[in-house]
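Chemist: For reference, the structure I am asking about is given below.
Protein chains: 2
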Amino acid sequence: MASGGEVKLFGMWASPAVRRVEWALKIKGIEYEYIEEDLSNKSTSLLEYNPINKQVPVLLHKGKPIVESLVMIEYIDEVWNHNPILPEDPYERTKARFWATYSEGKCRDAVGKVYFTEGEEKENAIKYLEDIVRVLDEELKGKRFFGGENIGFSDLVLGWMAFWLPVAEEVASFEVLDSEKFPWFASWTDNFLQVPVIKENLPPRDKTVEFFQNYRQQRLAA
Amino acid sequence: MASGGEVKLFGMWASPAVRRVEWALKIKGIEYEYIEEDLSNKSTSLLEYNPINKQVPVLLHKGKPIVESLVMIEYIDEVWNHNPILPEDPYERTKARFWATYSEGKCRDAVGKVYFTEGEEKENAIKYLEDIVRVLDEELKGKRFFGGENIGFSDLVLGWMAFWLPVAEEVASFEVLDSEKFPWFASWTDNFLQVPVIKENLPPRDKTVEFFQNYRQQRLAA
Chain R
1 MASGGEVKLF GMWASPAVRR VEWALKIKGI EYEYIEEDLS NKSTSLLEYN
51 PINKQVPVLL HKGKPIVESL VMIEYIDEVW NHNPILPEDP YERTKARFWA
101 TYSEGKCRDA VGKVYFTEGE EKENAIKYLE DIVRVLDEEL KGKRFFGGEN
151 IGFSDLVLGW MAFWLPVAEE VASFEVLDSE KFPWFASWTD NFLQVPVIKE
201 NLPPRDKTVE FFQNYRQQRL AA
Chain A
1 MASGGEVKLF GMWASPAVRR VEWALKIKGI EYEYIEEDLS NKSTSLLEYN
51 PINKQVPVLL HKGKPIVESL VMIEYIDEVW NHNPILPEDP YERTKARFWA
101 TYSEGKCRDA VGKVYFTEGE EKENAIKYLE DIVRVLDEEL KGKRFFGGEN
151 IGFSDLVLGW MAFWLPVAEE VASFEVLDSE KFPWFASWTD NFLQVPVIKE
201 NLPPRDKTVE FFQNYRQQRL AA
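These protein sequences, in sequence, are chains R and A. Start counting the first sequence at 1; every next residue gets the next number (UniProt numbering). Start counting the second sequence at 1; every next residue gets the next number (UniProt numbering).
Printed below as a string of C-alpha cells:
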C-alpha cells in the first residue's frame, strides 16, 4: 500500500459521490481515515473544511481540504501517479472529462427528476432518462469499459449509475434498465460491479434501498 | 503567434461559453478559424461533431471534436503549455477546478433562475444569486484576480459573470451587483474586463442586451 501522507475522507455511507472517491483511493492503494458524517447534525470539521457547500465528500490531504468529488479524483491522480485513472493522451482526457460533465449534469438531473416527481412529470422524466441511457449504451458499444479493457475516469464517474440506478428503479417503481434495449449498458454495469475494488466498496443494497425510500418520501412530502 | 495546427471553433457570438474558449485560445496565441452557427438552423458539421448535446461551442483540433467549454480549456492548456492557464501546483488546481464546478452549477443556475422567473420566484432567485456573489466576493478579498496577480482558469471560467451578469440585470430589471456590498467582486469585474485579451474579445453590449431581451421574452412566453 502506498502511504497517503495524511489523507482523511469525510463521507456518508449511502452517497455515490463519496464512494467514487473511495474507489479512486483504493485503486491507488492510498491509506486513508474515513469519517462518517451525520448529515442532520454536521460536524464542525465538515463545516470548517467545506464552508461553501457544507456537503460530503471532503477530502483532506496534509490538512488541506478538497471539495467536489471529481476534483478530488483529478487531484488523487495527479499527486499519486501510479495506477493512472485519467488517460495520458490529451484527446482521450477530453472524452473522459466530457463524460464527467455528462454524469454530473444530465444523468444526475434525470435520475433526480424520476425520483422526486409523480404522474405525467415522472413519465416525461423516465423518457428523458431513457434517452440518456441510450447515449451511454451507444458509447459502450463493443467495449468492456468506457476506457476500454480496464476501468478509468469515465467508469468511476458514471459508475454510480451501475449501482444506484437499479436502487432508484426499485425505490421509485420504474424500469429503464433493459438488457434487450440497452445491452452494452447492461453488460457494462455487470462488468463494473464485478471489478474487485468496486464490488468490495459498495454500500449494502437493502439498507441503501431503505435509505432512499425514506429520502424520497421526505422530499415528495415537502 | 503559435500555430494551432488545424483549430476550428464553432460558436455563437452571444454565448459566454464560446467566448471563454476564445479567451483561452487568444491567451495562448493560437490561430483558429471561427465558424458562427445559426442555432435555429444548426449546420450538419455541428450536429456531426456534437451529436449528443448539439450545442456550441465545439472545438475541432486536427479534425477531432472536443465538447464542453471547460474541457476545451483544459485541453488547450495541456496541448499548448506556454502561457499556463491552470496553476501548476495540484492543490491550487483543485481550487481552480472547484470554481469551475461552482460556475457551471450554482452560478449558472442562479442567473438562469433570475432571468426566467417572475414574482416571488424571481425574488427568491435574486436572494440566492446574492448569496453566490457574496461567496465570490469573500474569495476575492485582497486579490486582483482569483489566481492572484494574473488571470487564470478560475477567472476565465467565472469571467462570464463580469460581462453577462450586468447584461442580465439590465434585461431582467434586477440589481445584485453593488460595489458597496460586494467591493471585491466589483473590482474584480473591472480588473477582468480591462485585461486586453478579454476587452478585445467581448460581444457588443447593446446587441447582447437586445439578444437576451428577445430570448427572455420567448422563454417566459413558452
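The beta carbon of each residue, even a glycine, is placed where N, CA and C say it ideally should be.
Please look up how many angstroms separate the CB atoms of S15(R) and V56(R), rounded, as I've assumed it's under 8 angstroms.
Modeler: So it is a contact: roughly 6 angstroms between Cβ atoms.
Chemist: I believe E170(A) touches V209(A) by the beta-carbon criterion, under 8 angstroms. Please report the beta-carbon distance rounded to the nearest angstrom.
Modeler: Yes, they are in contact, since the Cβ atoms of E170(A) and V209(A) sit about 6 angstroms apart, within 8 angstroms.
Chemist: For F10(A), which option in S43(A), L177(A), I30(A) and I27(A) has the closest C-alpha, if you only look at C-alpha atoms?
Modeler: When only C-alpha atoms are compared, the closest one is S43(A).
Chemist: So with CB distances below 8 angstroms, who are the chain R contacts of V71(A)?
Modeler: Chain R residues near V71(A): T94, R97, F98 and T101.
Chemist: Is F212(A) near A162(A), with beta carbons less than 8 angstroms apart?
Modeler: No; because the gap between Cβ atoms is not below 8 angstroms, this pair is not in contact.
Chemist: Under 8 angstroms: do the region 144-162 of chain R and the region 16-34 of chain R share three or more Cβ pairs, one atom per stretch?
Modeler: Yes, the region 144-162 of chain R is in contact with the region 16-34 of chain R.
Chemist: In chain order, what residues of the same chain lie with their CB nearer than 7 angstroms to the CB of I132(R), ignoring the 5 residues before and after it?
Modeler: So the qualifying residues of the chain are K106, C107 and A110.
Chemist: Closest to E121(R) by CA distance: which of L165(R), F182(R), L220(R) and V21(R) is it?
Modeler: Measuring from the Cα of E121(R), the nearest candidate turns out to be L220(R).
Chemist: Determine whether the Cβ of P90(R) lies closer than 8 angstroms to any Cβ atom of chain A.
Modeler: It does; some Cβ of chain A falls within 8 angstroms.
Chemist: Are M12(R) and E36(R) closer than 8 angstroms when you measure CB to CB?
Modeler: Yes, these two residues count as a Cβ contact at 8 angstroms.
Chemist: Residues of the region 49-66 of chain A in Cβ contact with chain R at a cutoff of 7 angstroms, in chain order, please.
Modeler: So the list reads I52, K64 and I66, given in the order they occur along the chain.
Chemist: For a test of the three-state rule: what should DSSP assign to K207(A), helix, strand or coil?
Modeler: Looking at K207(A) - three-state DSSP - the assignment turns out to be helix.
Chemist: Quick one: using the 10 Å Cβ neighbour count with 16 as the cut-off for buried, is H61(R) buried or exposed?
Modeler: Counting Cβ neighbours within 10 Å, H61(R) comes out buried, since at least 16 surround it.
Chemist: With a threshold of 16 other CB atoms inside 10 Å of the CB of E31(R), please say whether the residue is buried or exposed.
Modeler: Exposed.
Chemist: Determine whether the beta carbon atoms of P90(R) and Y91(A) lie at a separation below 8 angstroms.
Modeler: Not in contact: P90(R) and Y91(A) (Cβ atoms no closer than 8 angstroms).
Chemist: Going by the CB atoms, is the gap between P87(A) and A100(A) shorter than 8 angstroms?
Modeler: In this structure, P87(A) does not lie closer than 8 angstroms to A100(A) by Cβ.
Chemist: Within 8 angstroms (strictly less), CB to CB, does V209(A) reach chain R?
Modeler: Not an interface residue.
Chemist: Judging by CA-CA distance, which residue of N150(A), L165(A), I52(A) and Q217(A) is the nearest neighbour of Q194(A)?
Modeler: For Q194(A), the nearest C-alpha among the options comes from N150(A).
Chemist: Kindly say whether Y75(R), judged by its beta-carbon, lies nearer than 8 angstroms to any beta-carbon of chain A.
Modeler: By this cut-off, Y75(R) is an interface position.
Chemist: May I ask you to list, following chain order, the residues of the region 114-126 of chain A that have a beta carbon less than 8 angstroms from some beta carbon of chain R?
Modeler: The residues in question: there are none.
Chemist: How do the region 133-144 of chain A and the region 177-196 of chain A stand: do at least 3 beta-carbon pairs fall below 8 angstroms, yes or no?
Modeler: Flag = yes, the region 133-144 of chain A and the region 177-196 of chain A touch.
Chemist: Run through DSSP, which three-state label would L86(A) get?
Modeler: Reduced to three states, the DSSP call for L86(A) is coil.
Chemist: Residue range of the alpha helix (DSSP H) that V157(R) falls in?
Modeler: F153 to L158 is the span of the alpha helix (DSSP H), which, as asked, contains V157(R).
Chemist: Look up A17(A) in the DSSP assignment and say whether it is helix, strand or coil.
Modeler: Reduced to three states, the DSSP call for A17(A) is helix.
Chemist: Where does V7(R) land, buried or exposed, given buried means 16+ other C-beta within 10 angstroms?
Modeler: Buried, because 16 or more other Cβ atoms sit within 10 Å of the Cβ of V7(R).
Chemist: Please report how far the alpha carbon of G119(A) lies from the alpha carbon of D178(A), in whole angstroms.
Modeler: Answer to the nearest angstrom: the Cα atoms are 22 angstroms apart.
Chemist: Express the C-alpha separation of T189(A) and G152(R) in angstroms, rounding to a whole number.
Modeler: When rounded, the distance between both Cα atoms is 38 angstroms.
Chemist: Can you tell which of I198(R), E130(R), Y215(R) and R216(R) has its C-alpha closest to the C-alpha of L25(R)?
Modeler: Of I198(R), E130(R), Y215(R) and R216(R), the residue nearest in Cα terms is I198(R).
Chemist: Closest Cβ-Cβ distance between V79(A) and chain R: below 8 angstroms?
Modeler: For V79(A), the answer is yes, since a Cβ of chain R falls inside 8 angstroms of its Cβ.
Chemist: In its own chain, which residues sit with a C-beta less than 8 angstroms from the C-beta of N201(A), not counting the 5 before and 5 after it?
Modeler: The answer, listed in chain order, is R19, E22, W23 and K26.
Chemist: Can you tell me whether R205(R) is buried or exposed, with buried defined as 16 or more other CB within 10 angstroms of its CB?
Modeler: Exposed, because fewer than 16 other Cβ atoms sit within 10 Å of the Cβ of R205(R).
Chemist: Can you tell me the Cα-Cα spacing of M1(A) and S40(R), whole angstroms?
Modeler: For M1(A), the predicted model reports a pLDDT of 49, less than 50, meaning its position is unreliable and no value from the coordinates is stated.
Chemist: Can you pull the chain R residues whose beta carbon is under 8 angstroms from the beta carbon of V7(A), in chain order?
Modeler: Residues of chain R passing the Cβ test: none, with the nearest at roughly 13 angstroms.
Chemist: Per DSSP, what are the beta-bridge partners of P65(R) in this structure?
Modeler: Bridge partners of P65(R): L60(R).
Chemist: Which residues in the same chain have their Cβ closer than 6 angstroms to the Cβ of R144(A), if we skip the five residues on either side of it in sequence?
Modeler: Only N191 meet the Cβ criterion.
Chemist: Since I believe E68(A) is in contact with F98(R) (beta carbons under 8 angstroms), could you give me their beta-carbon distance rounded to a whole number of angstroms?
Modeler: Confirmed, Cβ separation roughly 6 angstroms.
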